[in-house]
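Converting from the sequence shown to this note's numbering requires adding 13 to each position, the first position being numbered 1. Notes for the one structure printed next.
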Amino acid sequence: MFKEKTLAKYYSKTPTYFVERTVYDNFLLDKAISSGATFIQNETVKKVDLDSNALFTSKGNKIISKYIVGADGANSIVRKEFENNGIICKDIWRNSLGITLEISIDKKKLPIEKNIICLYFGYIKNGYAWIFPNMDKSIIGIGGLLKDINNDNINDMFIDFLISLGFDKKTIDSFIKKIRGHPIPFGNYIEKPIYKKTILIGDAAGFVNPITGEGIYYAHKSAEIAANAILKDYINQGKLEEDYINNLNLFLLPELFNSKKSRNLYFKIFNNYYLAKIASFYMFKNTKYY
Numbered sequence: 014m015f016k017e018k019t020l021a022k023y024y025s026k027t028p029t030y031f032v033e034r035t036v037y038d039n040f041l042l043d044k045a046i047s048s049g050a051t052f053i054q055n056e057t058v059k060k061v062d063l064d065s066n067a068l069f070t071s072k073g074n075k076i077i078s079k080y081i082v083g084a085d086g087a088n089s090i091v092r093k094e095f096e097n098n099g100i101i102c103k104d105i106w107r108n109s110l111g112i113t114l115e116i117s118i119d120k121k122k123l124p125i126e127k128n129i130i131c132l133y134f135g136y137i138k139n140g141y142a143w144i145f146p147n148m149d150k151s152i153i154g155i156g157g158l159l160k161d162i163n164n165d166n167i168n169d170m171f172i173d174f175l176i177s178l179g180f181d182k183k184t185i186d187s188f189i190k191k192i193r194g195h196p197i198p199f200g201n202y203i204e205k206p207i208y209k210k211t212i213l214i215g216d217a218a219g220f221v222n223p224i225t226g227e228g229i230y231y232a233h234k235s236a237e238i239a240a241n242a243i244l245k246d247y248i249n250q251g252k253l254e255e256d257y258i259n260n261l262n263l264f265l266l267p268e269l270f271n272s273k274k275s276r277n278l279y280f281k282i283f284n285n286y287y288l289a290k291i292a293s294f295y296m297f298k299n300t301k302y303y
């Protein structure tokens with residue numbers, strides 16, 4: 014969609030799955046525990062010593078490990094230690110940081126089609142808005158490159174989007190308190206996310222697609238690559254940094270590089286209705302509709 018105008022519709026036999034993150038994350042946690050991991054609750058990491066592999070927690074505890082894996086998201090405490098130690102550049106990270114706003118609402122309250130994925134352009138420069146339907150509710154959001162928003166208020170952009178969907182003012186006012194904001198990496202992936210025995214993966218390393226903002230696949234893939242590198246290093250059959258970086262360059266970083274390279278052109282096209290209509294025609298002209 015370009016605002017309220019349809020660009021293309023695509024129906025496929027291949028299903029798209031949505032998950033409730035609390036349920037999905039808990040599933041992964043249970044898998045880790047059943048595999049022998051120790052889960053420490055109600056305690057957070059406050060500081061990391063990258064040279065001694067020590068973690069210092071909110072309860073004053075010190076935990077030392079042979080390896081540290083920073084899988085703690087866009088606001089990663091572990092990555093911030095990389096910044097504090099001059100291993101990576103804080104300004105480069107912030108320059109390509111994205112922001113998203115989302116609400117979750119009962120599908121019955123949606124004034125439009127309730128069971129299709131909708132992507133909307135024209136509301137934000139380098140980004141897009143969306144509706145993702147789940148089983149009994151829908152996720153409505155907007156997101157884009159933070160530096161391009163400048164003095165514009167992303168809350169106002171989101172409200173304009175909600176109005177265009179057909180929500181009345183009273184309903185929108187009730188949404189305001191429910192809006193959740195999230196920082197996301199949006200092209201600021203780290204090409205060397207490792208120092209000694211500490212590895213960054215997923216959002217903590219900026220492994221998020223610079224066009225779509227999708228990060229779950231990259232989180233899983235970088236975790237797999239990191240795990241294999243650690244296992245080889247642990248049994249003295251590999252070199253941790255070399256194995257991790259080589260496989261990132263082989264299986265993950267090229268896709269992020271190419272997406273970032275084409276991002277500005279992509280959003281320039283899709284934020285112009287006529288260019289977007291032409292692009293959509295060529296993108297979907299050979300598509301079979303089901």
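Using N, Cα and C, we set each Cβ at its ideal position, and we do this for glycine too.
Beta-carbon contacts of residue i that lie in its chain and below 8 Å, excluding the five residues immediately before and after
i	result
Tyr303	Reliability of the predicted coordinates at Tyr303 is poor, the pLDDT of 46 falling under 50, and no value is obtained from them.
Ala45	Phe52
Residue(s) in a DSSP beta bridge with residue i
i	result
Phe69	Lys60 and Lys75
Ile137	Per DSSP, none; premise fails for Ile137.
Lys18	Phe15
Pro146	Ser151
Leu132	Trp143
Leu158	Gly111
Where the alpha helix (DSSP H) through residue i begins and ends
i	result
Ile212	Note, Ile212: premise wrong, no alpha helix (DSSP H); beta strand (DSSP E) at Thr211 to Leu213.
Val43	The displayed chain sequence assigns Asp, not Val, to residue 43. Element bounds for Asp43: Arg34 to Ser47.
Lys245	Ile229 to Tyr247
N- and C-terminal bounds of the beta strand (DSSP E) containing residue i
i	result
Ser117	Leu110 to Asp119
Cβ shell of residue i (< 6 Å), same chain only, five flanking positions each side left out
i	result
Leu213	Gly83, Arg92 and Pro206
Integer Cβ distance of residue i from residue j, believed to fall under 8 Å
i	j	result
Asn108	Asn201	7 Å
Trp143	Tyr133	7 Å
Pro196	Asn88	7 Å
Closest residue to residue i among the options (Cα-Cα distance)
i	options	result
Ile116	Tyr279, Glu94, Ile101 and Ile185	Ile185
Phe95	Thr113, Asn66 and Thr35	Asn66
Ala236	Ala21, Met148, Gly156 and Thr211	Thr211
Tyr279	Leu265, Tyr141 and Leu263	Tyr141
Asp216	Lys16, Ile90 and Gly154	Ile90
Asp173	Val61, Ile189 and Asp161	Ile189
Asp161	Lys183, Pro124, Ile112 and Asn147	Ile112
Asn9	Ala50, Ile100 and Leu110	Because the chain spans 14 through 303 in this model, residue 9 falls outside it and cannot be assessed.
Ala232	Leu265, Leu253, Tyr247 and Asp246	Leu265
Own chain residues within Cβ distance below 7 Å of residue i, not counting five before or after
i	result
Asn284	Phe134, Gly135 and Lys138
Leu159	Leu110, Gly111 and Ile112
Gly251	Ala242 and Lys245
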